[in-house]
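Student: For the sequence shown, the UniProt record's numbering assigns the number 1 to the initial residue and increments by one for each residue that follows.
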Amino acid sequence: MGVYQRDSRWMVYWHSNGKRHDKSFGRGELGQAKAEKFDHAVRDALDQGLPVPDPEKVTASVLVPVPAAVQVENPATAPIQDFNQVTGRVPGGMVLSELGSKYLAHMKASGRTEKHIRNIEHLVNHVFIPVLGDKPVDSLSYQENMIPFILHFQGVSSRTGKVRSQYTVNKYCDYLSFIFNFGIDNGFTSVNPLKIWKKPKVQPWDMKLTLDDAKKIMVNAEPHLKWAMEVCFNLGTRPGESELLSLKWEDIDFKASTVRIYASKTKSYRTVPINPEFLKRLEKEQAESQTGYVIEYMGRNLTTIRKAFKNACKRAGITYQTRMYDLRHLFATTLLRKGADLAAVSKMMGHSTVKMTADTYYHYMEGEKERAVNLLPALEVA
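#1: So, is Arg6 buried or exposed, given that buried needs 16 or more other C-beta atoms within 10 angstroms?
#2: Residue ranges of each alpha helix (DSSP H) run of no fewer than 4 residues wholly in the region 129-189, ordered along the chain?
#3: Looking at the secondary structure, which residues open and close the alpha helix (DSSP H) in which Pro273 lies?
#4: What residues match up with Ser16 in a beta bridge as DSSP calls it?
#5: Could you give the uninterrupted runs of the beta strand (DSSP E) lying entirely in the region 265-331, keeping only those of 3 residues or more?
#6: Hey, how far is the Cα of Lys215 from the Cα of Tyr175?
#7: Considering only their Cβ atoms, is the gap separating Ile261 from Glu243 smaller than 8 Å?
#8: DSSP state of Lys201, grouped into three classes?
#9: Checking 8 Å against the spacing of the C-beta atoms, do Ala312 and Ile184 come in under that value?
#10: Ends of the alpha helix (DSSP H) at Arg260?
#11: Counting Cβ pairs, one atom from each stretch, are 3 or more of them under 8 Å apart for the region 180-195 and the region 283-301?
#12: Going by beta-carbon coordinates alone, are Ala33 and Val62 separated by less than 8 Å?
#13: When you compare only the Cα positions, how much space is there between Gly111 and Val373?
#14: With contact counted as at least three CB pairs below 8 Å, one residue from each stretch, are the region 93-104 and the region 20-29 in contact?
#15: Let me confirm a value: Leu375 is counted as buried when at least 16 other C-beta atoms fall within 10 Å, else exposed. Which label applies?
#16: Rounded to whole angstroms, what's the CA-CA distance from Ala221 to Val163? Just pull it up for me.
#17: Taking the alpha carbon of Arg9 as the point to measure from, which residue in Asn17, Pro148 and Asp22 has its own alpha carbon closest?
#18: Using the C-alpha atoms, what's the distance from Glu230 back to Pro223?
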């Protein structure tokens with residue numbers, strides 16, 4: 001275990017339960033001070049056989065180290081600049097790394113999923129700070145900092161070698177803006193340099209997946225993915241941990257032929273009726289299940305099936321872009337094309353309004369306008 005630097009960020013590593021763990025504490029003197037304090041706390045905990053403490057709690061009281069040259073004997077009578085240094089306040093206000101840490105703590109306290117928190121933490125430490133620098137937030141401006149930030153991410157990704165989509169750029173700006181607004185709301189900072197930014201519209205996802213192609217993918221899928229696709233299509237769940245992979249057998253009422261789905265995205269429950277034929281499939285799978293989860297793999301629950309789906313698409317010869325999420329779209333469009341009530345489909349999808357469902361899926365309903373006009377009687381007189 002120990003403290004080290006990676007990409008100028010101060011890190012702490014330790015081993016527990018046979019695994020290595022690494023934690024970043026940001027850049028500069030503040031990052032170093034936090035890393036050193038947490039390192040000592042980890043050593044003490046492991047020596048005493050205790051669990052590793054929460055790094056946020058350990059480092060919450062850490063202040064910016066004060067150089068000896070600026071320390072004063074009586075902070076109460078010192079000049080304002082020296083007083084700020086003695087009390088650990090950063091000249092110019094709170095820096096981005098510290099605001100990001102406070103925002104992450106807020107996310108945890110608000111009950112956000114671990115996956116979402118990890119995603120934001122990655123963005124702060126590996127996306128936002130490397131481009132903007134760990135500067136005082138109040139020193140950032142739209143013209144000098146945000147425009148170069150946006151132009152940078154509209155370029156080619158070093159990871160994929162491809163130009164980033166506008167959707168990705170918008171997502172980065174949205175998350176950064178949330179952090180800035182959090183700082184203002186809590187009195188940590190006073191500006192949101194992205195406030196005047198207007199989010200460009202993005203082209204809607206071109207959903208090309210058909211029932212026939214979905215069957216081709218299932219033929220080439222591993223058993224656990226094949227079952228996951230079947231569940232996703234029949235219940236219209238969002239894929240991933242947000243709904244599909246968090247679904248438990250206790251959520252299914254076999255007597256009422258319904259399933260109660262919790263949507264972490266909207267923090268709400270919805271009840272979806274189950275087709276009689278698919279209910280039989282669920283009963284069979286439950287009898288063979290080794291866990292409490294509807295989707296499992298080798299006796300454990302899953303956190304992602306994205307890679308398995310991508311590999312199955314390749315084996316099936318699917319050349320266009322598609323995602324597991326397209327099965328949820330296919331659930332909705334298939335029902336609507338067969339004449340299902342729009343409001344009923346909207347409820348089963350968990351949409352907040354029927355308008356949202358109509359705006360998202362109506363353009364997939366080929367021939368509906370023609371069918372509508374054919375319902376008109378003739379308006380003629382002899």
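Glycine is no exception: its CB is placed at the ideal position from the N, C-alpha and C atoms.
Tutor: The structure says:
#1: For the purposes of this step, residue 6 is taken as the residue at position 6 of the sequence shown. It counts as exposed.
#2: 129-132, 147-153 and 166-185
#3: Counting from one through the sequence shown, the residue named residue 273 turns up at place 273. Counting along the chain, Pro273 falls outside any alpha helix (DSSP H), though it belongs to the beta strand (DSSP E) covering Ser268 to Pro273.
#4: To locate residue 16, count along the sequence shown from 1; it is residue 16. Beta-bridge pairing links Ser16 to Lys19.
#5: 268-273
#6: Reading the sequence shown from its first residue, position 215 is the one you call residue 215. Reading the sequence shown from its first residue, position 175 is the one you call residue 175. Rounded to whole angstroms, Lys215 to Tyr175 spans 37 Å at the Cα level.
#7: For the purposes of this step, residue 243 is identified with residue 243 of the sequence shown, where counting begins at 1. For the purposes of this step, residue 261 is identified with residue 261 of the sequence shown, where counting begins at 1. In this structure, Ile261 lies closer than 8 Å to Glu243 by Cβ.
#8: Here residue 201 is taken as the residue at index 201 of the sequence shown, counted from 1. Correct three-state label for Lys201: coil.
#9: Counted from its first residue, the sequence shown places residue 312 at position 312. Counted from its first residue, the sequence shown places residue 184 at position 184. Not a contact, by the Cβ cut-off of 8 Å.
#10: The sequence position of residue 260 within the sequence shown is 260, counting from 1. Arg260 -> not in any alpha helix (DSSP H); beta strand (DSSP E) instead, spanning Thr258 to Ala263.
#11: no
#12: As a first step, residue 33 must be located in the sequence shown, where it is residue number 33. As a first step, residue 62 must be located in the sequence shown, where it is residue number 62. A contact, by the Cβ cut-off of 8 Å.
#13: Residue mapping note: residue 111 aligns to position 111 of the sequence shown, counting from 1. Residue mapping note: residue 373 aligns to position 373 of the sequence shown, counting from 1. Using only the alpha carbons, I get a separation of about 50 Å.
#14: yes
#15: Stepping through the sequence shown from its first residue, residue 375 is reached at position 375. Classification of Leu375: exposed, given that the 10 Å Cβ count is below 16.
#16: Here residue 221 is taken as the residue at index 221 of the sequence shown, counted from 1. Here residue 163 is taken as the residue at index 163 of the sequence shown, counted from 1. Each residue's Cα considered, the two are about 30 Å apart.
#17: Here residue 9 refers to the residue found at position 9 when the sequence shown is read from its first residue. Arg9 has its Cα closest to that of Asp22, out of Asn17, Pro148 and Asp22.
#18: By one-based count along the sequence shown, residue 223 stands at place 223. By one-based count along the sequence shown, residue 230 stands at place 230. Going from the Cα of Pro223 to the Cα of Glu230 covers about 11 Å.
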